[in-house]
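Asker: The opening residue of the sequence shown carries number 5 in our numbering; numbering runs sequentially from there. Ideal Cβ placement from N, Cα and C applies to all residues, glycine included. Note that the structure is predicted; figures quoted are calculated from it, not measured.
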Amino acid sequence: QGGTTAIRSGPEIIAGIRLAPDGRRAVFGDEQGGVWLLDLTRGSIDVAVRSDELFSIYPIWHPDGDRIVVTSNVGGSWSLYAVDLGSRGSF
């Protein structure tokens, strides 16, 4: 019935949070180019995309809810990439 719940783990800076089509999850970026997945029903946070070689930003949900689309510098040039959340971080 409403209220506010603080999420106690995760990155210091959260940017570009987007709610999943099912309303149960959210995805957001951090200040170091990582992308995180927040389960709103459990309050847990998991890494969706993280790499020392890549910088991924501006995550959005694919309409199917199983993938996200990020802007990333794979191979040194910026482009859009779909990430299957089942594979966590694979382009």
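Flag this pair as yes or no: are the beta carbons of threonine 45 and arginine 28 separated by less than 8 angstroms?
Answerer: yes
Asker: For threonine 75, write down the residues that DSSP places opposite it in a beta bridge.
Answerer: Secondary-structure assignment with DSSP links threonine 75 through a beta bridge to Ile61 and Leu84.
Asker: Please identify the residue among Val39, Asp68 and Val53 whose C-alpha is closest to the C-alpha of alanine 24.
Answerer: Asp68
Asker: Sort Thr75, Leu89 and Ile17 by Cα distance to serine 60 and report the nearest one.
Answerer: Considering only alpha carbons, the answer is Thr75.
Asker: Could you pull the start and end residues of the beta strand (DSSP E) that serine 91 belongs to?
Answerer: It is not in any beta strand (DSSP E) - serine 91 carries neither H nor E in the DSSP assignment.
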